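If you're matching them up, the sequences are chains A and B in order. Numbering (the numbering used here) for the first sequence: 5 to 119. Numbering (the numbering used here) for the second sequence: 239 to 354. Beta carbons are placed, not taken as given, at the ideal position from N, Cα and C, and that holds for glycine. As the structure is a computational prediction, the values presented were derived from the model and not from experiment.
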Amino acid sequence: AQSVTQLDSQVPVFEEAPVELRCNYSSSVSVYLFWYVQYPNQGLQLLLKYLSGSTLVKGINGFEAEFNKSQTSFHLRKPSVHISDTAEYFCAVSDRTSGTYKYIFGTGTRLKVLA
Amino acid sequence: GAGVSQTPSNKVTEKGKYVELRCDPISGHTALYWYRQSLGQGPEFLIYFQGTGAADDSGLPNDRFFAVRPEGSVSTLKIQRTERGDSAVYLCASSVRGTSESNEQFFGPGTRLTVL
């Protein structure tokens with residue numbers, strides 16, 4: 005069964021510094037990949053998605069992610085973070101062959117941007 | 239346009255009681271998903287509807303959980319004989335079906351269920 009690993013439960017980083025949030029998934033079958041952000045007491049908001057094509061995906065708020073099939077990874081990056089980026093970030097995988105397109109989520113990474 | 243809405247936003251109930259959680263998806267979205275997010279965890283899949291039928295209910299934890307979508311739009315998640323372990327945020331999502339570009343799921347704000 006598909007699984008998603010977000011090794012870092014918390015990532016503290018200073019404002020204007022770069023950040024990378026790691027995501028690895030278990031299966032090499034064809035997948036769709038997503039990153040969602042969840043601000044305190046709010047719902048999930050899509051940051052970016054990989055469906056096909058270019059492996060470098062650009063999303064909202066200056067975030068980007070790179071799909072690496074050989075390493076089954078989809079790490080999220082931002083070159084310069086802001087205080088407002090403080091939130092929980094979830095990586096999700098959807099199996100293209102499942103027929104249901106349900107998401108398997110990681111446990112999340114809490115990004116804390118320090119002044 | 240309107241996004242996915244869920245009611246109530248908060249529900250507090252006592253152990254053993256029955257609860258219903260409602261999801262109103264984006265108009266025209268034929269696919270509807272329920273997820274459960276426990277404290278400190280990522281959302282976990284519960285059930286998927288394509289139209290009126292439950293196409294995949296493999297994530298429902300036990301037979302106390304049931305969901306319906308009688309007219310292919312609004313869905314209700316029903317939990318019987320609630321237990322304290324059912325406390326979580328219940329998320330609903332909808333998506334358009336048919337092409338790979340339509341796979342994106344749009345999430346509602348969730349219903350926070352607390353079982354005392």
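- At least one beta carbon of chain A lies nearer than 7 Å to the beta carbon of B/P347.
- Ranking A/D12, A/E20 and A/K53 by CA distance to the CA of A/D89 puts A/E20 first.
- Contact of A/K53 with chain B by beta-carbon distance below 7 Å involves E342.
- DSSP places B/N341 within a helical segment (H, G or I) once states are collapsed to three.
- A straight line joining the alpha-carbon of B/V242 with that of A/P16 spans about 32 Å.
- Contacts with chain B at 7 Å (Cβ-Cβ) do not include A/T113.
- Against chain A, the beta carbon of B/P281 has neighbours under 7 Å at F109, listed in chain order.
- If you check each beta-carbon in the region 261-274 of chain B against every beta-carbon of chain A, the ones closer than 8 Å belong to A269, Y271 and Y273.
- For B/Y328, no CB of chain A lies under 7 Å from its own CB, so it is not counted at the interface with that chain.
- A/E70 and B/G254 have their C-alpha atoms roughly 47 Å apart.
- Straight across, the Cα-Cα distance linking A/S84 with A/K116 is about 13 Å.
- The region 248-268 of chain B makes no contact with the region 38-51 of chain A: fewer than 3 CB pairs, one atom from each, lie closer than 8 Å.
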